[in-house]
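If you read the sequence shown in my numbering, its first letter stands for residue 1, the second for the next number, and so on.
No residue lacks a Cβ here, since even glycine has one placed at the ideal position from N, Cα and C.
Since this is a predicted model, take the numbers as computed values, not measurements.
Written out below as structure tokens is the structure these notes cover.
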Amino acid sequence: RGRNALTGEAAELWQLGDVEISAAIRLLDLATGAEVGEAPGFRYRQSAGASLRLATSPADTLAHLIGPQSQRGRSDLELQHFNDFSMGRRLGLRVDLRYGIPLSQELERFHTPRTALFDPSGSRQRYLWSPAGYQSMDVVPRVLLTPELAFGFRYNFLMRGEEEYVFAGEAGAPSAPLGPAEGATDSRLHRLGGSLVYSTLEAARDGRTALPFEVRARYDAVIAGRGGVPRTSGFEAGVKFFLF
């Protein structure tokens with residue numbers, strides 16, 4: 001255990017993150033060169049899915065009202081559309097489209113004027129946060145090093161609409177909406193990076209293994225954007241197990 005340097009509150013070293021429940025269904029599977037003895041040809045697969053994220057982790061409670069908000073402790077529904085192209089045994093392209101529908105929630109934030117870098121007179125106030133939907137596109141050309149191991153480059157475009165805030169006020173007082181200049185943001189960003197994936201999903205479909213799983217590692221960085229988007233980079237790794 002430790003303590004937050006700003007609030008003095010106790011902070012746990014390990015905490016439960018947000019729980020995510022996902023489901024997907026295959027819509028289309030087209031292939032050429034599928035006869036016995038023929039070389040693999042062109043293949044196109046199309047799938048659709050949905051993912052529900054439940055806010056089971058504690059939300060960040062101390063931050064400035066205006067600025068990039070943490071995604072922790074937020075519930076949302078994400079609709080997904082997957083397109084997978086492959087040519088021969090080695091080359092492939094994946095295009096994923098996502099549309100997020102976040103749910104409103106209350107936040108506690110410092111509220112200071114935009115013109116002030118830091119205003120010691122700013123106080124913590126409660127707001128009803130209504131985040132707008134977001135659209136995301138991932139384009140991932142890849143090379144299969146082995147039937148299970150693939151390396152790819154990744155381009156990501158993310159667009160978020162305006163996020164609106166309503167000041168909750170004191171108990172019994174009427175709510176007061178904030179104007180767009182004080183309580184709304186929108187952003188666009190472009191990311192570029194690379195990924196490494198080891199997957200036994202196809203081997204499980206062909207009956208070559210009884211345990212379908214996928215291990216992913218990805219690094220990417222923001223290369224352009226607007227709307228107060230910081231130039232950040234990040235590394236992400238994860239494991240998925242499939243039941244079908």
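Close beta carbons around residue i, own chain, < 7 Å, minus the five adjacent residues each side
i: Ala171; result: Its pLDDT being 46, under 50, Ala171 is placed unreliably by the model, and nothing is read from it.
i: Gly227; result: Thr185, Asp186, Ser187, Arg188
i: Gly257; result: No statement about residue 257 is possible, as the shown extent of the chain runs from 1 to 244 and does not include it.
Spatial neighbours of residue i in its chain, beta-carbon cut-off 6 Å, leaving aside the 5 residues before and after
i: Lys240; result: Glu214
i: Ala204; result: Pro212
i: Ser86; result: Arg43, Gly92
i: Gln135; result: Tyr99, Met159
i: Ile21; result: Leu52
i: Phe82; result: Ser47, Asp96
i: Gln80; result: Gly49, Arg98
Contact under 8 Å by Cβ, residue i with residue j
i: Asp76; j: Leu97; result: no
i: Ala217; j: Ser195; result: yes
i: Arg191; j: Ala150; result: no
i: Leu27; j: Ser51; result: no
i: Tyr219; j: Phe235; result: yes
i: Arg142; j: Gly152; result: yes
i: Arg53; j: Asp84; result: no
i: Pro147; j: Glu202; result: yes
i: Arg231; j: Gly193; result: no
Cut-off 8 Å between Cβ atoms - residues of its own chain near residue i, not counting five sequence neighbours on either side
i: Pro180; result: Caution applies to Pro180, whose pLDDT of 40 falls short of 50 and renders its modelled position unreliable; the value that the coordinates give is listed next. Closer than 8 Å at Cβ, skipping near neighbours: Glu162.
i: Ala224; result: Leu189, His190
i: Ile25; result: Ser47, Ala48, Gly49
i: Ala55; result: Asp18, Gly73, Arg74, Ser75, Gln105
Endpoints, the alpha helix (DSSP H) within which residue i is located
i: Leu201; result: 201-205
Where the beta strand (DSSP E) containing residue i begins and where it ends
i: Leu93; result: 91-102
i: Ser51; result: 42-54
i: Ala210; result: It is not in any beta strand (DSSP E) - Ala210 carries neither H nor E in the DSSP assignment.
i: Leu30; result: 19-31
i: Pro141; result: 134-144
i: Arg253; result: The requested residue 253 does not occur in the structure, where the chain is confined to residues 1 to 244.
i: Val229; result: Here Val229 belongs to no beta strand (DSSP E), and DSSP marks it neither H nor E.
i: Phe82; result: 76-87
Beta-carbon separation (whole angstroms), residue i vs residue j, contact threshold 8 Å
i: Gly92; j: Gly133; result: Gly92 to Gly133, Cβ: 29 Å. No contact.
i: Arg90; j: Leu128; result: About 52 Å separates the two Cβ atoms, so there is no contact after all.
i: Val166; j: Arg94; result: Rounded, the Cβ-Cβ distance is 40 Å, inconsistent with contact.
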